[in-house]
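Counting in the numbering used here, the sequence shown runs from 151 upward without gaps. The C-beta atom is built at its ideal place from N, Cα and C for all residues, glycine as well. Bear in mind the structure is a predicted one, so any value in this text is a computation, not a measurement. Data block below; observations after.
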Amino acid sequence: MSAINITSVNVLDNPSYFINPLQLEIQYECLYPLQHDLEWKLIYVGSPESEKYDQVLDSVLVGPVAPGSYRFVFQADPPNPAQLPQDDIVGVTVMLLTCSYNQQEFMRVGYYVSTDYLEKEYREMESPPNPPLIHKLVRNILADKPRVTRFPIDFDAVSAAPAVKSVEALAAGTTTEMEV
């Protein structure tokens, strides 16, 4: 049984200019006391070709956490376009929100992110500007269809007894499409 249930993640200021900060309002509940902090991370996948372009936009520690309901706004700077392949800036990518306890990731929420020009004239160009004109780009996080993956972990030895799971379930984690 998980000690933490994510009850809601709302993407704020969406769509927004590419250069604006990303903001997520996160709500969760803690079912029993945890001895250590939760670590939340926001990761921007820079290219489908290589993880070397992924950027951790920010991370925050929250806790120790007592039983109850919590809400906070996680704000992070946008990705650094100088660290992204120029050909991958405009188009579709992924943003990941992760939560870990004791350096064990137990939850990941993935969102598709579409980045394009606001002005129709740039979107319809046969050869769009290269390098992209960053100040004219708008990102749209497809917040209505997140991909949620949960990984079973041991929260604390003194906490509630963990449920028995198959080896396959432990190795793969549990992935679902759902509203958070």
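About 14 Å separates the beta carbon of V288 from that of P171, a gap too long to meet the 8 Å contact definition. Here L207 is not near Y220, since their CB atoms are 8 Å or more apart. Taking the CA atoms as reference points, P217 sits about 5 Å from L181. About 16 Å separates the beta carbon of V223 from that of M245, a gap too long to meet the 8 Å contact definition.
The straight-line gap separating the alpha-carbon atoms of T243 and P183 is approximately 36 Å. DSSP lists Y178 as the beta-bridge partner residues of I156. Within the same chain, and ignoring the five residues on either side of S250 in sequence, the residues whose Cβ sits closer than 6 Å to its Cβ are E189.
Taking C-beta separations shorter than 6 Å and ignoring five residues to either side along the sequence, the partners of D238 in its chain run S197, following chain order. When beta bridges are read from the DSSP output, A226 appears opposite L172. Under the DSSP assignment, K191 falls in the beta strand (DSSP E) whose first and last residues are 188-195. Around the CB of G241, fewer than 16 other CB atoms lie within 10 Å, so the residue is classed as exposed. Of the residues L192, E255, K202, the one whose Cα lies closest to the Cα of I154 is E255.
When the five nearest sequence neighbours on each side are left out, the beta carbons in the same chain lying within less than 7 Å of the beta carbon of F305 are those of A153, L184, Y251, in order along the chain.
For I239, the enclosing alpha helix (DSSP H) has its first and last residue at 236-239.
In the three-state DSSP reduction, E255 falls in the strand class (E or B).
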